[in-house]
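Numbering follows numbering that gives the first Met the number 0, with no gaps: position 71 of the sequence shown is 70.
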Amino acid sequence: MKILYATDLHGDKKKYEKIFEIANKRHINTIVNGGDILPKWGERYSIQNKFLNEYLPEYFRRLNTKNINYLVMMGNDDLEAYDLKFNNLCSRFPNIFNINKNKVTINDYEFIGLNNILDTPFACKDRIVNEEAYHPEKQFHCEQFKSTREGYQIIPDWENERKNLPLMKDILNSLPKPNNQDRSIFVTHEPPKHLDLAYAYNVDHDLGSEDIYQFIKKNQPLFTLHGHLHESPIVGGFYYNQLGKTICIQPGQTEFNEETIIYVIIDLETKTFHRFELPL
Numbered sequence: 000m001k002i003l004y005a006t007d008l009h010g011d012k013k014k015y016e017k018i019f020e021i022a023n024k025r026h027i028n029t030i031v032n033g034g035d036i037l038p039k040w041g042e043r044y045s046i047q048n049k050f051l052n053e054y055l056p057e058y059f060r061r062l063n064t065k066n067i068n069y070l071v072m073m074g075n076d077d078l079e080a081y082d083l084k085f086n087n088l089c090s091r092f093p094n095i096f097n098i099n100k101n102k103v104t105i106n107d108y109e110f111i112g113l114n115n116i117l118d119t120p121f122a123c124k125d126r127i128v129n130e131e132a133y134h135p136e137k138q139f140h141c142e143q144f145k146s147t148r149e150g151y152q153i154i155p156d157w158e159n160e161r162k163n164l165p166l167m168k169d170i171l172n173s174l175p176k177p178n179n180q181d182r183s184i185f186v187t188h189e190p191p192k193h194l195d196l197a198y199a200y201n202v203d204h205d206l207g208s209e210d211i212y213q214f215i216k217k218n219q220p221l222f223t224l225h226g227h228l229h230e231s232p233i234v235g236g237f238y239y240n241q242l243g244k245t246i247c248i249q250p251g252q253t254e255f256n257e258e259t260i261i262y263v264i265i266d267l268e269t270k271t272f273h274r275f276e277l278p279l
């Protein structure tokens, strides 16, 4: 079984269309989208709502007509206020699956997703969790906020609020359990620490999650798939690594104004994979 994995498309319709074209042309019947699926430029409430109302339903319908399974989840740049709308949209189609904290089985392979991330220096604090030994990056913005159905909710004391966040390890341990770890694929938007898959420009240290690293080390799934840090393969020099028996892949992604797309095709049976960067 082959899958196509891409992440951090950020509402770029050219990238969505290219992924559809490639999967259809190469007869790949399963696409995995690792999060950050909606536009983030401009006023997020309106542009993300429009994308959810207008583009994604038609895109999902076309995937359905081609019998392509689409495993997808929201990411940290996708407003948490739209989670219910997104989940309802996915439920309208038999081949579209919201994998965040869910397990989806296709051809006896079990896919399990998690879109929570560690604290970033960005203002929006949707989906942020903590770790016992985590030291957050210096904040870029004076005000932090979360999204609600009524609008942005300012967090007056983020330093104190962060202390009460759930721990990544507890969320990982609460995920659905695969029946067979050897045929399981975990999709976490946050990359693991220590594997050179979580680097960013102007940062001289690994930004990944210790808890995700320990979870992979203990459970040894077949593959883990990650994203979040677009530039990591360029800065760190790696788009994959191995932890025990598990192959961990973080392909990165180009930015919105770049005319290329990055994706990986993975053969789950042979455990072979290849990263592509193609023009749009």
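Even for Gly, the Cβ is constructed at its ideal location relative to N, Cα and C.
Since the structure is predicted, the reported quantities are computational estimates derived from the model, not experimental observations.
>> Between the alpha carbons of I27 and E79, how many angstroms are there, rounded?
In response: Within the sequence shown, the letter at position 28 stands for residue 27. Within the sequence shown, the letter at position 80 stands for residue 79. Answer to the nearest angstrom: the Cα atoms are 30 Å apart.
>> Considering just the uninterrupted stretch of the beta strand (DSSP E) at Y239, what are its terminal residues?
In response: Locating residue 239 in the sequence shown gives position 240, counting from the first residue. Here the beta strand (DSSP E) through Y239 covers 239-242.
>> Considering just the uninterrupted stretch of the alpha helix (DSSP H) at K84, what are its terminal residues?
In response: Translated into the one-based positions of the sequence shown, residue 84 becomes position 85. Unbroken alpha helix (DSSP H) run through K84: 82-90.
> Considering only the beta carbon of each residue, do E230 and Y200 sit closer than 8 Å?
Replying inline: For this step, residue 230 is matched to residue 231 along the sequence shown. For this step, residue 200 is matched to residue 201 along the sequence shown. Their beta carbons are under 8 Å apart, which means E230 touches Y200 by this criterion.
> Thinking just about the alpha-carbon of each residue, which of N23, Y44, K13, I2 is nearest to the one in E254?
Replying inline: For this step, residue 254 is matched to residue 255 along the sequence shown. Ranking N23, Y44, K13, I2 by Cα distance to E254 puts K13 first.
> Helix or strand or just coil, what does DSSP make of Q219?
Replying inline: Along the sequence shown, one-based indexing puts residue 219 at 220. Q219: coil per DSSP, three-state reduction.
> Could you give the distance in angstroms between the alpha-carbon of I67 and the alpha-carbon of I30?
Replying inline: As a first step, residue 67 is located in the sequence shown; it is residue number 68 there, counting from the start. As a first step, residue 30 is located in the sequence shown; it is residue number 31 there, counting from the start. The straight-line gap from Cα to Cα measures roughly 7 Å.
> Does the Cβ-Cβ distance between Y323 and L62 come in under 8 Å?
Replying inline: The requested residue 323 is not part of the displayed model; the chain covers only 0 to 279.
> Rounded to whole angstroms, how far is the Cβ of V128 from the Cβ of M167, which I believe are closer than 8 Å?
Replying inline: Translated into positions along the sequence shown, residue 128 becomes position 129. Translated into positions along the sequence shown, residue 167 becomes position 168. Contact flag correct, Cβ pair sits at about 5 Å.
> Considering only C-alpha positions, which residue in the set I246, K270, L277 is nearest to Q252?
Replying inline: For the purposes of this step, residue 252 is identified with residue 253 of the sequence shown, where counting begins at 1. Considering only alpha carbons, the answer is L277.
>> Pop quiz: I116 and E189 are said to be a contact at Cβ under 8 Å. What is the actual Cβ separation, rounded to whole angstroms?
In response: Against the sequence shown, residue 116 aligns to sequence position 117. Against the sequence shown, residue 189 aligns to sequence position 190. Going by Cβ atoms, the distance from I116 to E189 rounds to 4 Å, so yes, they are a contact pair.
>> What would DSSP say about P191, mapped onto helix, strand or coil?
In response: Here residue 191 refers to the residue found at position 192 when the sequence shown is read from its first residue. Three-state result, P191: strand.
> Which term fits L194, buried or exposed, when burial requires 16 or more other beta carbons within 10 angstroms of its beta carbon?
Replying inline: Here residue 194 refers to the residue found at position 195 when the sequence shown is read from its first residue. The residue is buried, with at least 16 neighbouring Cβ atoms inside 10 Å.
> Do you know how far the Cα of E158 is from the Cα of I105?
Replying inline: By 1-based counting over the sequence shown, the position of residue 105 is 106. By 1-based counting over the sequence shown, the position of residue 158 is 159. In a straight line, the C-alpha of I105 is about 42 Å away from that of E158.
> Measuring CA to CA, which of Q143, T147, E258 is closest to L83?
Replying inline: Indexing the sequence shown from 1 puts residue 83 at position 84. The candidate whose alpha carbon is nearest that of L83 is T147.
>> Distance check for N48 and Y81, CA to CA, integer angstroms please.
In response: As a working mapping, residue 81 is identified with position 82 in the sequence shown. As a working mapping, residue 48 is identified with position 49 in the sequence shown. If I take the Cα positions, the gap works out to 8 Å.
> Which class does A132 belong to by DSSP, given the choice of helix, strand or coil?
Replying inline: Taking the sequence shown and counting its residues from 1, the one referred to as residue 132 is at position 133. Coil.
> Which full runs of the alpha helix (DSSP H) of 4+ residues lie inside the segment 145-171, going along the chain?
Replying inline: 157-161
>> Output needed for Y238: all residues of its chain with C-beta closer than 7 Å, excluding positions within five of it in sequence on either side, in chain order.
In response: What you label residue 238 is simply residue 239 of the sequence shown in a count that begins at 1. Answer for Y238: P232, I248, Q249, P250, G251, R274, listed in chain order.
> First and last residue of the beta strand (DSSP E) that includes L277?
Replying inline: Here residue 277 refers to the residue found at position 278 of the sequence shown. Per DSSP, L277 belongs to the beta strand (DSSP E) from 271-278.
>> Helix, strand or coil, according to DSSP, for V234 in the structure here?
In response: Within the sequence shown, the letter at position 235 stands for residue 234. In this structure, V234 counts as helix in the three-state DSSP scheme.
> Which residues in the same chain as R60 place their Cβ atom closer than 8 Å to its Cβ, once the five residues preceding and following it in sequence are excluded?
Replying inline: Working through the sequence shown from its first residue, we reach residue 60 at position 61. Cβ neighbours of R60 beyond the five flanking positions: F92.
> First and last residue of the beta strand (DSSP E) that includes E109?
Replying inline: On the sequence shown, position 110 is the one that residue 109 refers to. Element bounds for E109: 108-113.
> So, K1 versus I265, is the Cβ gap smaller than 8 Å?
Replying inline: Looking up residue 1 in the sequence shown gives position 2. Looking up residue 265 in the sequence shown gives position 266. Taking 8 Å as the Cβ cut-off, K1 and I265 qualify as a contacting pair.
> Can the beta-carbon of L37 be found less than 8 Å from the beta-carbon of D7?
Replying inline: In the sequence shown, counting from the first residue as 1, residue 37 sits at position 38. In the sequence shown, counting from the first residue as 1, residue 7 sits at position 8. Not closer than 8 Å, so no.
> Is DSSP giving F96 helix, strand or coil here?
Replying inline: Taking the first residue of the sequence shown as 1, we reach residue 96 at position 97. Correct three-state label for F96: strand.
> Does the beta-carbon distance from T245 to T223 come in below 8 Å?
Replying inline: Here residue 245 corresponds to residue number 246 of the sequence shown, with the count starting at 1. Here residue 223 corresponds to residue number 224 of the sequence shown, with the count starting at 1. Their beta carbons are under 8 Å apart, which means T245 touches T223 by this criterion.
> To the nearest angstrom, how far is it from the Cα of I95 to the Cα of V71?
Replying inline: One-based indexing of the sequence shown puts residue 95 at position 96. One-based indexing of the sequence shown puts residue 71 at position 72. Spanning the two alpha carbons is a distance of roughly 8 Å.
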